[in-house]
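Asker: Submitted below is the structure of interest, expressed as structure tokens.
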Amino acid sequence: MEKVLISTRDLSKIYHMGEVSVEALRDATLDIYEGEFVVILGPSGSGKSTLLNIIGGMDTPTHGKVFFRGQELGDLDDNGLTRYRRENIGFIFQFYNLLPNLTARENVELVTDMSSDPLDVMEVLDKVGLKERADHFPSQLSGGEQQRVAVARAVAKNPEVLLCDEPTGALDNITGRVVLKVLKEINRSLGKTVLVITHNAAIAEMANRVLYLSNGRIASIRTIENPIDPERIEW
Amino acid sequence: MKKLMLMTLRDIKSNKGQYIAIIMVVVVGITMYNAISMSFYNLNSATENYYEEYRLPHLFVRLNNAPESVVGIIGRTDGVSSAQGRLVLDVPMEIPGYEGRVHARIVSVPRSNDGALNKLHLEEGRYVSGDHRDGALVEKLFMEFHRLDIGSSIYPIINGKRVELKVSGKAISPEYIYAVPSAQDMMPDNERFTILYLEHSFVQQLTGYDGLVNEVVLQLEDAGKAKEVKKKLEDRLKHNGLISVTERKDEVSYAMMDTELNALQSMGFAYPAVFLLIGSIVIYMLLIRLVDNQRRQIGVLMALGFTKGAILFHYIGYALLVGFVGSVLGSLAGVRLAEVLTRYYLTFFNIPILQVKTYADVVVLGILMSVVFCGVAGFNAAKRVLRILPAEAMRPVAPIEGKKWWGERILPFLAGIRISWRLTFRNMWRNKKRTVFTVVSIAMTVGLMISIMTMLDSMDYLFDKAFGDALSYDYKVAFTGSVHRDVVKDLGEFREVTYAEPMAEYPVRLMNGWRKENTMVTGLVQGSRVYKLFDMKGNRVEVPREGILLTEGLAKSLGVKRGDNITIEALNKPGIERRIAVKGIVEQYLGGSAFMEVGALDAVLGEGSTINAALVNLRYNGEEIAGDIEGMPYVQSVKEPDDMVKQYNEYMGLIYAYIGVIVVLSCIMGFAIIYNTTTISIMERRRELASLRIMGFTNNQVAELIFNENTAVSAMGLIIGMPLGVFMAAQILKLMPEDMISLPLVIFPKTYVLAAATVALFVILAQLANMRRISRMDLVEVMKSRE
């Protein structure tokens, strides 16, 4: 947990909506270490997603810098950012965003086909507990299962970081817990850094560190010495 | 309601490209409809008015020189309202500064033009009366070709004497809208044929035919009784040297104009209908997508209390708007194009009183058709609004059911192809309806293009065939009338003539029951060395000793096959009718469409051992000898087969213009369709595509998915469109004026290649035009919104 993987310096993001400017993020400075499990908490509109999107190379800050292993993202052009996302980032969304036309396995293969150092597709599906359902289409899977396919898809290309935007937001607590367990397992056994955005404070207890965002600022950072097992999370 | 309208306009504004593309398809269809229909009406009313105002005769009586008293006899016949005698004779003519010989037809006209039948329209100069009695009125297009002016000298050779005449005016006659000497000549030849209108008594004086006429033209009290009066005249004049009585509909110029108008009329509906049909398919697809995308909004509107009817109408409104705007623009363009096309016609037909009018009923009907077509498409797409329940609509749509398509189940290897292609096929399968519509639209576009380009192929083939194998004579010598077969021997006397063979051509009517066709029968010698016939398999065929050979087109329109009997009636000699056996079917190329042995033809229609033409080959230095032959007393014209091509191409200029217009318009349409399909498949899957981008797919990789799909759909459209094009071409060929030429249906591989290349180009262009949609996709925005 010593090596810094991602660092942000004085990140600000201002959205101009007509005559109104909204400062979604203000002076966010932060280091994230390799293999860390970080939960970012905050009410809606606090800047969580903006921070995540900027870290993921999907959005650019108005001020400030983001470094990934010392490489400043602002120096990358569109192709560079695409490559960065392809090689280093695995995204998981609230609404899964699987391709409805592809089976679970094919959704994962879609990503492994283009990455340089992918994991074995079936092994990853096994890890998320969906080996048996590999040839099902998204419409034949439950929400939790779809989200686990999405996790598998994000993991299979063997990225450094998983960025999860409300991964349990659309799930009930039982299926949600299964997804969280899978994320934790991937964090532990594969050593992937995981960032989870949520407004569900209960989830924070499974993290190594918790960031509180409020009004676009990082209000506090809390380190948890003994993260609890996701099984024991209640909400 | 006003707000809904505002929404419509804003939606359209934010998807400009797509709406412009659809509107273009409608514009194209309506432009064509207006242009072709209006040029039809313009021409039709112009010719009708012209015939009426300038008193085109209903019947033409041709006689061996008869005393002028015959005019009185005819004039007093029941049903005849007026009759006018005249002398008509074909003579060679010299034009200063022009090397070739010209074939002039002298037509005598009464002293006064007012009230005359076949009244002349003078573009310039003076009528041939009074001081100008010894002047000549010359046909307009000929004067323009040779740059003759009022006062220029021309030198017709009458009875072997070179006579100098001064041009006193530039004229046109309703009898020669389409100025050809006879049905034998397919195309007007403004270089070598013209009509001279000379005062009647002056012609009598020049020719020495004092007190004689050889034609009487007449108008009837009731045009519907032409047949009866014709019969009556035939009986009455039997002993007055009658040659023939012809109705105006059988006169060459009238018949050609009629065919032309018919073709125009049927084209005026067929093509625009195809365009509108495609346009409505595209609108249908677009609206389906729109309604699906705006489900949530529809739910909100319903929750707010808008009635389903109002919402339904809101969506149909898009289609109506497209139909209306497209048809209004199309009408504007169509009116302009109609003017251009109509004026273009004027270079082929001599019509003085052409009024280029805008026909309000055509415009209104066009707009109506367009609005109805679009409205029906719009309704069919928008009616799915009715199935939406507000509460459901506001929830996100259930994920689309993913499925393997049957192809993957049947053909296991398809499951092993690259994922991006697997996705492509499954997407096509997922949107079956849309895929089918797109394929059909592209197929129709390809069909249009191929059918039209086939015309060019067929013509090329015809010329190649004609000059490659079939027609190898250097010149065709036409005699002024029937001459004895031995005249061919005279031609052989010329040292430079290496070969000469007799030939005859007579205008006839072929009949099988109620089916009738007017055509030329060509008489050839057996074993002809310079005019070869081939059957449909390409084997050489000889003219039979007895019986007749027909081209395929002619046999079809008569409904006969080998072994059937048909009736042949001479058009140049009334009363001669024979039954004759069809001995075979031959390929068509330039020239005739019915063939007999020259002796057998003479036995049926001739005067005993007579012919009226000869085919010759020359040693070299052909031009000069041809001139000499043309100078022989009984020779009417000497023509190279190339002249036919030249004339044909000139006439085809008109067809080329249409071909050009249709090709350009189909291209616009083809592009519009493919552009729309591309746009829709991007818009519909923005979320999917955005996820791919976020996962690290490059813009190009995402574009490839769309491109694959378009390629696959277009390829299918091509595969179906090609045979469709062949089928459509066959239909168009049926519309072509049959008497003139029946084109074989020939399609060169290059046409298919060209069609495929065009479609490929459109796919690429549509893709490029849409690349921005992919590269400018705001990933964050797309992922945030849950449609």
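Taken in sequence, the protein lines are chains A and B.
Taken in order, the first sequence gives residues 117 to 351; the numbers are from our numbering.
Taken in order, the second sequence gives residues 178 to 964; the numbers are from our numbering.
Idealized CB from N, CA, C, for every residue including glycine.
Remember, predicted model here, so these are calculated numbers, not experimental data.
Interface residues of chain A around Ile871(B) at Cβ under 7 angstroms?
Answerer: Within 7 angstroms Cβ-Cβ: Met174, Arg201 and Phe207.
Asker: Can you list, in chain order, the residues of its chain whose CB lies under 6 angstroms from that of Lys247(A), leaving out five sequence neighbours each side?
Answerer: Closer than 6 angstroms at the Cβ level, and outside the excluded window around Lys247(A), lie Leu241.
Asker: Cβ of Ala270(A) less than 9 angstroms from any chain B Cβ?
Answerer: At least one chain B Cβ lies under 9 angstroms of Ala270(A).
Asker: Using the rule of at least 16 other Cβ atoms within 10 Å of the residue's Cβ for burial, across every protein chain shown, is Pro810(B) buried or exposed?
Answerer: With fewer than 16 other Cβ atoms within 10 Å, it is exposed.
Asker: Asn608(B) to Ser162(A), Cα distance in whole Å?
Answerer: For Asn608(B) and Ser162(A), the distance between alpha carbons rounds to 40 angstroms.
Asker: When you compare the stretch 305-313 of chain A with the stretch 130-145 of chain A, are there three or more beta-carbon pairs, one atom per stretch, that lie closer than 8 angstroms?
Answerer: No, the stretch 305-313 of chain A does not touch the stretch 130-145 of chain A.
Asker: Let's test the definition: count the other Cβ atoms within 10 Å of the Cβ of Ala318(A) and tell me whether it reaches 16, buried, or not, exposed.
Answerer: The residue is exposed, with fewer than 16 neighbouring Cβ atoms inside 10 Å.
Asker: Nearest chain B C-beta to Met117(A) closer than 9 angstroms, yes or no?
Answerer: Residue placement at Met117(A) is poorly supported in this model, since its pLDDT is 49, which falls under 50; the coordinates are not used for a value here.
Asker: For Ala510(B) and Ala348(B), what's the separation of their Cα atoms in angstroms?
Answerer: So the two alpha carbons sit approximately 34 angstroms from each other.
Asker: Quick one: what's got a C-beta closer than 6 angstroms to Ser350(B)'s C-beta in the same chain, skipping five residues either side?
Answerer: Excluding residues within five positions, the ones whose Cβ falls inside 6 angstroms are Asn295 and Leu297.
Asker: Along the chain, where does the alpha helix (DSSP H) that runs through Ile596(B) open and close?
Answerer: Counting along the chain, the alpha helix (DSSP H) containing Ile596(B) begins and ends at Ile596 to Arg607.
Asker: Got a sec, what are the start and stop residues for the beta strand (DSSP E) Glu719(B) sits in?
Answerer: No beta strand (DSSP E) contains Glu719(B), which DSSP labels as neither H nor E.
Asker: Consider the Cβ of Glu225(A): report whether some Cβ of chain B lies at a distance smaller than 9 angstroms.
Answerer: By this cut-off, Glu225(A) is an interface position.
Asker: Between which residues of its own chain and Asp637(B) is the CB-CB distance below 6 angstroms, once the five residues before and five after are set aside?
Answerer: There are no such residues.
Asker: Can the beta-carbon of Arg325(A) be found closer than 9 angstroms to that of Ala144(A)?
Answerer: Not closer than 9 angstroms, so no.
Asker: Just to confirm, is the Cβ distance from Ile951(B) to Ile857(B) under 9 angstroms?
Answerer: Contact: no.
Asker: Per DSSP, what kind of secondary structure is Gly730(B) in: helix, strand or coil?
Answerer: Helix, per DSSP.
Asker: If Met960(B) sits next to Ala867(B), beta carbons under 8 angstroms apart, how far is it from one beta carbon to the other, in whole angstroms?
Answerer: Met960(B) to Ala867(B), Cβ: 6 angstroms. Contact.
Asker: Given that a residue counts as buried once 16 or more other Cβ atoms are within 10 Å of its Cβ, and exposed if not, what is Ser843(B)?
Answerer: It counts as buried.
Asker: Do you know how far the Cα of Phe602(B) is from the Cα of Ala933(B)?
Answerer: If you take the alpha carbons of Ala933(B) and Phe602(B), they lie about 21 angstroms apart.
Asker: So with CB distances below 8 angstroms, who are the chain B contacts of Glu222(A)?
Answerer: Simply Ile596 and Arg599.
Asker: Scan the stretch 866-949 of chain B and note each continuous alpha helix (DSSP H) run of 4 residues or more that stays entirely inside, going in chain order.
Answerer: For the stretch 866-949 of chain B, whole alpha helix (DSSP H) runs of length 4 or above, ordered along the chain, are 876-912.
Asker: Please report the straight-line C-alpha distance between Thr612(B) and Val890(B), rounded to a whole angstrom.
Answerer: Rounded to the nearest angstrom, the two C-alpha atoms are 7 angstroms apart.
Asker: Along chain B, which residues have their Cβ under 8 angstroms away from the Cβ of Met230(A)?
Answerer: The contacting residues are Gly873, Phe874 and Gln878.
Asker: Looking only at its chain, what residues have a beta carbon closer than 6 angstroms to the beta carbon of Ser770(B), apart from the 5 residues adjacent to it on each side?
Answerer: Around Ser770(B): Thr696, Thr728 and Leu731.
Asker: Who are the near neighbours of Arg303(B) in its chain, counting only those whose CB is closer than 6 angstroms to its CB and skipping five residues on each side?
Answerer: Once the five neighbours on either side are set aside, the close Cβ partners of Arg303(B) are His309, Ser345 and Gly346.
Asker: Note down the Cα distance separating Gly894(B) from Ile850(B), rounded to an integer number of angstroms.
Answerer: Their Cα atoms are separated by approximately 11 angstroms.
Asker: May I ask you to list the residues that DSSP assigns as paired with Ile337(A)?
Answerer: Answer by DSSP bridge pairing, in chain order: Leu327(A).
Asker: Is the distance from the Cβ of Leu189(A) to the Cβ of Ile170(A) below 9 angstroms?
Answerer: Contact flag set, yes.
Asker: Three-state secondary structure (DSSP) at Leu410(B)?
Answerer: Helix.
Asker: If you draw a straight line from the C-alpha of Glu276(B) to the C-alpha of Asp741(B), how long is it?
Answerer: If you take the alpha carbons of Glu276(B) and Asp741(B), they lie about 49 angstroms apart.
Asker: On the premise that Ile528(B) lies in contact with Ala223(B), defined as a C-beta separation below 8 angstroms, what is that separation, rounded to the nearest angstrom?
Answerer: Sure, about 5 angstroms apart at Cβ, within 8 angstroms.
Asker: List the residues of chain B that Thr198(A) touches, going by C-beta distances under 7 angstroms, in chain order.
Answerer: Those within 7 angstroms of Thr198(A) in chain B are Gly873 and Thr875.
Asker: In three-state terms, what does DSSP make of Asp255(B)?
Answerer: Of the three classes helix, strand and coil, the one that applies to Asp255(B) here is coil, per DSSP.
Asker: Whole angstroms are fine: how far does the CA of Arg692(B) sit from the CA of Gly736(B)?
Answerer: Approximately 8 angstroms between the Cα atoms of the pair.
Asker: Evaluate Val182(A) with the Cβ neighbour count: other Cβ atoms within 10 Å of its Cβ, from every protein chain shown; 16 or more gives buried, anything less gives exposed.
Answerer: So Val182(A) counts as buried.
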